[in-house]
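One structure below.
In our numbering, the protein residues as written are 574 to 700.
What follows is the structure in structure tokens.
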């Protein structure tokens with residue numbers, strides 16, 4: 574498994590911080606629709622209930638091993654994480670993107686690109 578080299582996603586369109594829950598809920602709805610298609614590789618994504626809000630994904634053994642090898646400077650933080658957490662990033666009361674918690678870089682490029690696209694679709698639906 575190859576981790577993406579970036580720790581952050583920047584959305585093409587920002588949204589007001591008051592819209593976080595709406596964007597999260599719509600994103601999860603869109604993921605459920607995506608997962609209903611048997612041709613797609615199902616994505617298990619949940620709401621992150623941290624202050625910043627965002628999303629969580631399950632931690633697989635394969636992902637942990639990839640982090641230990643490819644992101645060894647931050648791998649010691651794995652002991653504090655039961656899931657992969659992606660938090661919203663803000664700038665001047667706008668949500669501008671997502672970041673991996675604690676610089677763990679725990680997404681593949683496919684996961685990162687998928688998450689960016691589906692969140693941007695949710696943003697567009699909510700606007």
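Ideal Cβ placement from N, Cα and C applies to all residues, glycine included. Everything numeric in this text was worked out from a predicted model, so none of it was measured.
Look at the alpha carbon of residue i and the alpha carbon of residue j, and state the distance between them as a whole number of angstroms.
i: residue 637; j: residue 587; result: 31 Å
i: residue 654; j: residue 679; result: 11 Å
i: residue 673; j: residue 630; result: 11 Å
i: residue 675; j: residue 650; result: 8 Å
i: residue 684; j: residue 598; result: 19 Å
i: residue 696; j: residue 635; result: 31 Å
i: residue 594; j: residue 583; result: 18 Å
i: residue 698; j: residue 581; result: 23 Å
i: residue 620; j: residue 612; result: 24 Å
What whole-angstrom Cβ distance do residue i and residue j have, given they're in contact under 8 Å?
i: residue 728; j: residue 632; result: One cannot answer for residue 728 here, as it falls past the ends of the chain, which runs 574 to 700.
i: residue 681; j: residue 578; result: Rounded, the Cβ-Cβ distance is 11 Å, inconsistent with contact.
i: residue 585; j: residue 663; result: Actually they are not in contact, since the Cβ atoms of residue 585 and residue 663 sit about 16 Å apart, beyond 8 Å.
With 8 Å as the threshold, decide whether the Cβ of residue i is near any Cβ in chain D.
i: residue 664; result: Among the chains in the structure shown there is no chain D, since it carries only a single protein chain.
Which term fits residue i, buried or exposed, when burial requires 16 or more other beta carbons within 10 angstroms of its beta carbon?
i: residue 665; result: exposed
i: residue 622; result: exposed
i: residue 690; result: exposed
What does DSSP give as the partner residue(s) for residue i in the beta ladder?
i: residue 618; result: 630
i: residue 637; result: Per DSSP, none; premise fails for residue 637.
i: residue 681; result: 576
> Per the contact definition of three or more C-beta pairs closer than 8 Å, is the stretch 604-611 in contact with the stretch 577-591?
Replying inline: In short, these stretches do not touch, since the Cβ pair count stays below three.
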